[in-house]
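Taking this note's numbering, the leading residue of the sequence shown gets 296, the next gets one more, and so forth.
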Amino acid sequence: MMEQQKKSDSTEQVPVKKAESIEEAEAAIEAILFAVGDSVEPEKIAKAIGHDTETTVRILNHMMDTYNADNRGIRIVELDHAYQMCTKQEYYDYLVNIALQPKKAVLTDVMLETLSIIAYKQPVTKLEIEKIRGVKSDHAVNKLVEYNLVQELGRLDAPGRPIVFGTTEEFLRNFGVDSTENLPQISPVKMEDFKAEVEEEMQVKLDI
């Protein structure tokens, strides 16, 4: 009996915070629809704000009318018995304008150094990059992937199957080259360093 009682107590739900006024309910619904981004069933919204479904639907319908009447860029729509916040169609042109604006990636010296290593040594693993730089390169590699300048090319057939990285078409466009074979020549000293490192790494892989 004691065990059953404990199990029953553990399944008790935490009390739901109830919106005490229409204004608070509308603000809560607005926050829910904005955060979710997708359509939400009125039953779920009702449970979240601590009201019954019928009352919640009435509040939603009032919000829909208010959004449509006011000079706002967003509205609430009903989609297959669910509600979603979306952009008003008359403002689509402004969204297109912002989407067409070029996004400039700010590359730090560390990121440029990492990118140059990947460009000249690809396909290359993160460990190989770090051996050349002498420091951890997780952040730089992750940011280059985020900026779509670097991509994962697969995994190396070696212990641990590390990910290998290479440059993208976006990299070629940004740096004005049509192929990685046409990259500018680096200094002879640096090239010899790269060659020595490649030979050393190849020997290690053969030994493995």
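Each residue gets a CB set at the ideal place from its N, CA and C atoms; glycine is no exception. On a predicted model such as this, the values are computed, not experimentally measured, just so you know.
query: Should Thr361 be labelled buried (16 or more other beta-carbon atoms within 10 Å of its own) or exposed?; result: exposed
query: Between which two residues does the beta strand (DSSP E) containing Arg428 stretch?; result: Unbroken run through Arg428 is the alpha helix (DSSP H), Lys421 to Arg428; no beta strand (DSSP E).
query: Between Gln384 and Asn366, what straight-line distance do the alpha-carbon atoms span, to the nearest angstrom?; result: 13 Å
query: Determine the DSSP secondary structure at Leu444, reduced to helix, strand or coil.; result: coil
query: For Pro454 and Ala320, what's the separation of their Cα atoms in angstroms?; result: 56 Å
query: Once the 5 residues before and after Val445 are set aside, which same chain residues still bring their CB inside 8 Å of it?; result: Leu410, Ile413, Val436, Leu439, Phe460, Gly461, Thr462, Thr463 and Phe466
query: Answer with buried or exposed for His357, where buried requires no fewer than 16 other C-beta atoms within 10 angstroms of its C-beta.; result: exposed
query: Whose CA, out of Gly332, Ala323 and Gly345, lies closest to the CA of Lys313?; result: Gly345
query: Measure from the C-beta of Asn469 to each C-beta in chain B and report whether the shortest distance is under 8 Å.; result: No chain B appears in the structure shown, which is made up of a single protein chain.
query: Figure out for me which residue from Lys426, Pro418, Asn443 and Asn363 has the closest Cα to the Cα of Asp452.; result: Pro418
query: With a threshold of 16 other CB atoms inside 10 Å of the CB of Ile340, please say whether the residue is buried or exposed.; result: buried
query: In this structure, how does DSSP classify Glu318 when only helix, strand and coil are distinguished?; result: helix
query: Beta carbon of Gln396: closer than 7 Å to some heavy atom of the ligand MG?; result: Here there are no bound small molecules, and the ligand MG is not part of this structure.
query: Evaluate Tyr389 with the Cβ neighbour count: other Cβ atoms within 10 Å of its Cβ, from every protein chain shown; 16 or more gives buried, anything less gives exposed.; result: exposed
query: How far does the beta strand (DSSP E) with Tyr386 in it reach, from first residue to last?; result: That residue, Tyr386, is in no beta strand (DSSP E); it is neither H nor E in DSSP.
query: Look up Thr306 in the DSSP assignment and say whether it is helix, strand or coil.; result: Per-residue confidence for Thr306 stands at a pLDDT of 44, beneath the threshold of 50, marking its modelled position as unreliable; the derived number appears in the next sentence. In the structure shown, Thr306 sits in coil (DSSP, three-state: anything other than H, G, I, E or B).
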